[in-house]
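Line by line, the protein sequences are chains A and B. Each number in our numbering comes from the position in the first sequence (counting from 1) with 10 added on. Each number in our numbering comes from the position in the second sequence (counting from 1) with 5 added on. Ideal Cβ positions, reconstructed from N, Cα and C, are used throughout, including at glycine. Values in this document were obtained by computation on a predicted structure and should not be read as measured data.
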Amino acid sequence: MNNFEQYRRRFLGGALATAGAAVMPGLVLVEVAHSRAPDEPVSSKNRWGLLIDTTKCATGCNECVTACSKENGWTQKEVYSPQDPQWIRKVELTHNSTGAKHSLPVMCQHCEEPPCVDVCPTGASFKRDDGIVLVDRHICIGCRYCMMACPYKARSLVHEDLNDTQLARMPRGKGCVESCTLCMHKIDAGDNTTACAEACPEHAILFGDLNDAGSEIAQRLAGHASREIRADLGLNTGVRYTGI
Amino acid sequence: MHIINREIEGKSAGYWALLCGLGILVLIGLYAAYNMEHHGHVITGMNNQIVWGLPHVFAVFLVVAASGALNVASVAGVFGKKAYKPLAPLSALLAIALLAGGLAVLMLDLGRADRAIITAWEVNPTSVFSWNVVLYSGFFGFTAAYLWTMLDKTAKPLYLFAGYGAFIWRLILTTGTGLIFGFLVARQAYGTALLAPKFIVFSLLYGTAIYVLVLMAAYGWGQRALGDEVLRRLKNMLQIFIAASFYMTFVYHLTNLYFAKEWDFERFILADGGLYTTLFWVGQVVLGYVVPFILMAAPATRSNRAVIAVSAILIILGALAQMYVTIIGGQAFPLELFPGFSESSSFFDGEIHAYTPSHWEWMLGIGGVGIALALVVFAVKVLRILPESLADEVADPHVKK
Ligand code: SF4
Ligand code: SF4
């Protein structure tokens with residue numbers, strides 16, 4: 011990013027914040043204090059996460075999956091082979107006794123205590139200070155131990171040559187493991203959202219900073235019952251679900 | 006009588022044919038590894054559901070057996086049983102060779118095998134894999150030192166130290182191998198510390214079975230004397246290890262059934278898992294435990310050498326079946342994200358995952374076996390590993406005839 015671009019973003023951010031502060035004093039002011047400007051280093055001040063409202067999420071809708079595949083350059087298909095990578099998938103649930111149905115997207119849950127990071131022999135699987143769990147494609151040796159360890163099947167190995175479907179902003183590679191990055195390139199650019207959250211027509215996916223008590227996501231989590239998938243494992247996931 | 010170790014002659018056509026045959030296996034394995042590297046894992050049967058396949062079955066089997074193969078040497082060196090002393094050098098050699106074969110398969114199966122060396126400097130202290138890199142190196146070091154103190158009289162003062170070191174190290178090593186799976190808390194099949202002692206007991210059985218076969222082959226083909234007493238002792242060992250393995254298997258499934266409440270997974274393995282159920286009952290339990298135990302215990306067959314050899318082969322086949330059930334069966338059973346719900350998705354959630362190994366994976370696995378055996382065949386020619394005679398009166402003069 012050149013200096014002008016940085017300046018423009020900071021200026022816009024500042025202008026918007028001022029405008030916002032004028033309209034909605036308390037709430038927005040806190041948020042401005044916490045959201046991250048592009049030139050600010052990643053820090054544990056933030057903990058990015060998603061809140062997924064399963065009551066809004068529709069069976070058969072795949073908009074979030076399509077958006078993720080476009081944003082990150084992995085190939086979406088009608089019918090996948092078991093070897094195809096999938097960064098995000100829609101899971102359909104039917105309750106065994108009541109028959110109640112739910113539909114919801116599952117992706118890397120960006121665990122605070124990520125098993126994938128614990129087991130990785132090289133440290134390629136790592137967690138950023140702001141809670142985003144990533145794979146460093148330069149030192150991943152493709153041992154797949156992280157895939158064995160992840161309770162959510164969030165990771166995929168790239169099984170074959172990519173024939174340059176990949177995008178410059180999201181390097182991928184045959185023989186390496188990959189998964190949802192929480193659109194870190196968008197977060198780092200100050201977009202303050204993810205491709206899936208932007209794409210959802212029902213606004214079922216809410217992106218935000220769990221550490222910021224004033225953010226919408228933190229307030230919704232404080233005010234409503236929500237759950238982590240496999241909460242029994244105590245991983246303190248960054249992705250939460252309501253309505254199930 | 007004094008025991009003299011001597012290199013085998015290794016000039017016969019048979020010797021060279023054997024070495025060439027094993028060399029071809031190694032080449033087959035390397036060819037498969039090259040193809041997997043070049044095309045990616047797309048040419049294997051492995052996928053994003055069954056992420057560790059047949060190569061891991063072979064690799065973990067070899068690594069586990071390596072630690073058990075050292076057993077005979079430990080009995081001689083650590084527990085001071087004289088009768089096993091002449092058998093010890095082969096035991097240490099076999100341990101090194103099997104570990105080398107197993108590690109080679111593990112390395113060559115990596116998505117980026119070219120980067121394997123990264124594990125040497127990018128160490129993650131919380132990773133069992135990282136610990137294992139240290140454990141494997143230590144095992145090589147201690148066992149090689151132990152072998153040296155056995156073969157070189159001037160190194161005698163270090164014999165006990167190296168012997169104990171190798172003994173303790175191998176227990177840690179197999180614990181580490183077991184924990185690779187034991188730490189996978191999210192998976193129904195694994196996530197129990199019981200896997201560590203289970204792997205230690207299995208290692209004794211598998212390693213000793215391979216030892217018996219290699220010993221019989223070496224003395225049979227090398228036309229050296231091998232006494233009944235030596236074999237009888239090894240056979241007794243095998244029987245004890247079968248009983249212990251059977252017990253550990255029983256306890257493991259009982260724990261899953263009654264304490265961990267993993268009923269669905271247990272029903273899958275024990276009753277309706279198709280191939281996995283068959284491999285468990287027919288492969289691991291009947292062929293691997295029951296049949297060899299009976300063969301080696303029944304008065305009519307127990308002193309027959311061919312029967313001991315057949316039993317050892319059955320034990321090894323049972324071992325491979327066990328590894329297949331543990332490693333692949335454990336992954337075939339779907340992870341449960343939402344207990345109480347049936348799940349389905351494009352990523353195969355809630356389904357039993359299918360896996361058919363491709364020929365490349367067989368080739369890589371067999372290549373690992375080839376590496377281990379080729380190392381042994383080569384080493385017995387250049388090192389004084391094998392006693393000239395293991396006839397009863399030489400190996401154990403006190404035995405009553
Ligand atoms: S969901 Fe899986 S891949 Fe993502 S942080 Fe947790 S363990 Fe790692
Ligand atoms: S596959 Fe890559 S990221 Fe995953 S554990 Fe192995 S080296 Fe780490």
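Are the beta-carbon atoms of Leu103(A) and Ser347(B) separated by less than 9 Å?
Looking up residue 103(A) in the first sequence gives position 93. Looking up residue 347(B) in the second sequence gives position 342. Yes. Within cutoff.
Anything in the segment 150-168 of chain A with a Cβ closer than 9 Å to a Cβ of chain B? List those residues in chain order, please.
Cys150, Ile151, Gly152, Cys153, Arg154, Tyr155, Met157, Met158, Ala159, Cys160, Pro161, Tyr162, Lys163, Arg165, Ser166, Leu167 and Val168
Given Thr260(B), which residues of its chain have a CB within under 8 Å of its CB, disregarding the five upstream and five downstream residues?
In the second sequence, counting from the first residue as 1, residue 260(B) sits at position 255. Excluding residues within five positions, the ones whose Cβ falls inside 8 Å are Thr197 and Leu199.
Tell me which residue opens and which closes the alpha helix (DSSP H) that Leu156(B) is part of.
Indexing the second sequence from 1 puts residue 156(B) at position 151. Leu156(B) -> alpha helix (DSSP H) spans Val133 to Leu156.
Is there a Cβ from chain B that is less than 9 Å from the Cβ of Glu170(A)?
If you number the first sequence from 1, residue 170(A) lands on position 160. Yes, Glu170(A) counts as interfacial toward chain B.
Integer Cβ distance of Ile239(A) from Thr64(A), believed to fall under 8 Å
To locate residue 239(A), count along the first sequence from 1; it is residue 229. To locate residue 64(A), count along the first sequence from 1; it is residue 54. In fact, because the Cβ distance is near 11 Å, the residues do not count as touching under 8 Å.
Own chain partners of Thr124(B) with C-beta closer than 6 Å, once the 5 adjacent residues on each side are dropped
The residue you call residue 124(B) lines up with position 119 of the second sequence. Excluding residues within five positions, the ones whose Cβ falls inside 6 Å are Val138.
Could you name the residues of the segment 337-350 of chain B whose beta carbon sits closer than 9 Å to any beta carbon of chain A, in the order they occur along the chain?
Pro339, Leu340, Glu341, Leu342, Phe343, Pro344, Gly345, Phe346, Ser347, Glu348, Ser349 and Ser350
Which residues, in order along the segment 97-122 of chain B, keep a beta-carbon less than 7 Å from a beta-carbon of chain A?
Leu115, Gly116, Arg117, Arg120 and Ala121
Enumerate in chain order the residues of its own chain whose CB-to-CB distance from Ala159(A) is below 8 Å, with the five nearest sequence positions on each side excluded.
Position 149 of the first sequence, counted from the start, is the residue given in the question as residue 159(A). Contacts found: Pro125, Cys126, Asp128 and Val129.
Is it buried or exposed, Tyr211(B), if we count other Cβ atoms within 10 angstroms and call 16 or more buried?
Reading the second sequence from its first residue, position 206 is the one you call residue 211(B). Tyr211(B) is buried by the Cβ-count criterion.
Sort out for me which residues DSSP pairs His364(B) with in a bridge.
Residue 364(B) sits at position 359 when you count from the first residue of the second sequence. Per DSSP, none; premise fails for His364(B).
Can you confirm whether the segment 111-126 of chain A touches the segment 56-75 of chain A when touching is taken to mean that 3 or more C-beta pairs between the two stretches lie within less than 8 Å?
yes
I want to see whether chain A comes within less than 9 Å of Gly370(B), judged by CB atoms only; does it?
Counting from one through the second sequence, the residue named residue 370(B) turns up at place 365. Closer than 9 Å: no.
Since Ile239(A) meets chain B, which of its residues come closer than 8 Å, beta carbon to beta carbon?
Here the question's residue 239(A) lines up with position 229 in the first sequence. Chain B residues near Ile239(A): Leu342 and Phe343.
Assuming Pro131(A) and Ser132(B) are in contact, meaning their beta carbons sit under 8 Å apart, how far apart are those beta carbons, in whole angstroms?
To locate residue 131(A), count along the first sequence from 1; it is residue 121. To locate residue 132(B), count along the second sequence from 1; it is residue 127. About 5 Å; that satisfies the 8 Å criterion.
Do we get a CB-CB distance below 9 Å when we pair His112(A) with the residues of chain B?
Locating residue 112(A) in the first sequence gives position 102, counting from the first residue. True, the Cβ-Cβ gap to chain B drops below 9 Å.
Where His46(B) meets chain A, residues with beta-carbon distance less than 7 Å:
Position 41 of the second sequence, counted from the start, is the residue given in the question as residue 46(B). Those are Leu167 and His169, listed as they occur along chain A.
Using a Cβ-Cβ cut-off of 7 Å (strictly less than) and excluding sequence neighbours within five positions of Val69(B), which residues of its own chain qualify?
What you label residue 69(B) is simply residue 64 of the second sequence in a count that begins at 1. Thr179, Thr182, Phe204, Phe207, Ser208 and Tyr211.
Distance between Gly83(A) and Ala205(A) (C-alpha atoms, nearest Å)
By 1-based counting over the first sequence, the position of residue 205(A) is 195. By 1-based counting over the first sequence, the position of residue 83(A) is 73. So the two alpha carbons sit approximately 12 Å from each other.
Unbroken beta strand (DSSP E) runs of length 3 or more, entirely within the segment 220-247 of chain A: which are they?
none
Exposure of Ala359(B), with buried meaning 16 or more beta-carbon neighbours within 10 Å
Along the second sequence, read from residue 1 onward, the residue named residue 359(B) stands at position 354. Exposed, by the Cβ-count rule.
Measuring from the CB of Tyr162(A), is there a heavy atom of ligand 1 at a distance below 8 Å?
The count along the first sequence starts at 1 and reaches residue 162(A) at position 152. At least one heavy atom of ligand 1 is nearer than 8 Å to the Cβ of Tyr162(A), so yes.
Contact with chain A by Leu92(B), beta-carbon distance below 9 Å:
Walking along the second sequence from the start, residue 92(B) turns up at place 87. No, its Cβ sits nowhere closer than 9 Å to a Cβ of chain A.
Arg389(B) CB to nearest chain E CB: under 9 Å?
Looking for chain E here will not work: the only protein chains present are A and B.
Identify the contact partners of Asn106(A) in chain B, using a Cβ-Cβ distance below 7 Å as the criterion.
Here residue 106(A) corresponds to residue number 96 of the first sequence, with the count starting at 1. Those are Gly345, Phe346 and Ser347, listed as they occur along chain B.
For Trp58(A), does the three-state DSSP call read helix, strand or coil?
Counted from its first residue, the first sequence places residue 58(A) at position 48. Note: Trp58(A) maps to strand in three-state DSSP.
Among Glu42(B), Tyr329(B) and Val77(B), which has the Cα closest to the Cα of Ala214(B)?
Within the second sequence, the letter at position 209 stands for residue 214(B). Ranking Glu42(B), Tyr329(B) and Val77(B) by Cα distance to Ala214(B) puts Val77(B) first.
Just to check, is the beta-carbon of Ala241(A) closer than 8 Å to a non-hydrogen atom of ligand 1?
Within the first sequence, the letter at position 231 stands for residue 241(A). Not so, every heavy atom of ligand 1 lies at least 8 Å from the Cβ.
Is there a C-beta anywhere in chain A that falls below 9 Å from the one on Asp157(B)?
Along the second sequence, read from residue 1 onward, the residue named residue 157(B) stands at position 152. No, because no Cβ of chain A sits closer than 9 Å to the Cβ of Asp157(B).
Should Gly233(B) be flagged as near chain A, meaning a C-beta pair shorter than 9 Å?
Translated into positions along the second sequence, residue 233(B) becomes position 228. The amino acid at residue 233(B) is misidentified as Gly; the sequence shows Asp. No, because no Cβ of chain A sits closer than 9 Å to the Cβ of Asp233(B).
Is Glu127(B) closer than 9 Å to Gly133(A) when the C-beta atoms are compared?
Residue mapping note: residue 133(A) aligns to position 123 of the first sequence, counting from 1. Residue mapping note: residue 127(B) aligns to position 122 of the second sequence, counting from 1. Closer than 9 Å, so yes.
Keeping to the same chain, check which residues put their C-beta closer than 8 Å to that of Val2(B); ignore five residues upstream and five downstream.
Given a span of 6 to 406 for chain B in the structure shown, any question on residue 2(B) remains unanswerable.
With a CB to CB cut of under 8 Å and the five nearest residues on each side skipped, what residues in its chain are close to Ile98(A)?
In the first sequence, counting from the first residue as 1, residue 98(A) sits at position 88. Cβ within range, chain order: Cys74, Val75, Cys78, Pro115, Val116, Met117, Cys190 and Cys206.
Burial state of Asn106(A), where buried means 16 or more other Cβ atoms lie within 10 Å:
Locating residue 106(A) in the first sequence gives position 96, where the first residue counts as 1. Classification of Asn106(A): exposed, given that the 10 Å Cβ count is below 16.
Taking 8 Å as the cut-off, does the CB of Leu113(B) come closer than this to any heavy atom belonging to ligand 2?
Counted from its first residue, the second sequence places residue 113(B) at position 108. Incorrect: Leu113(B) has no Cβ contact closer than 8 Å to ligand 2.
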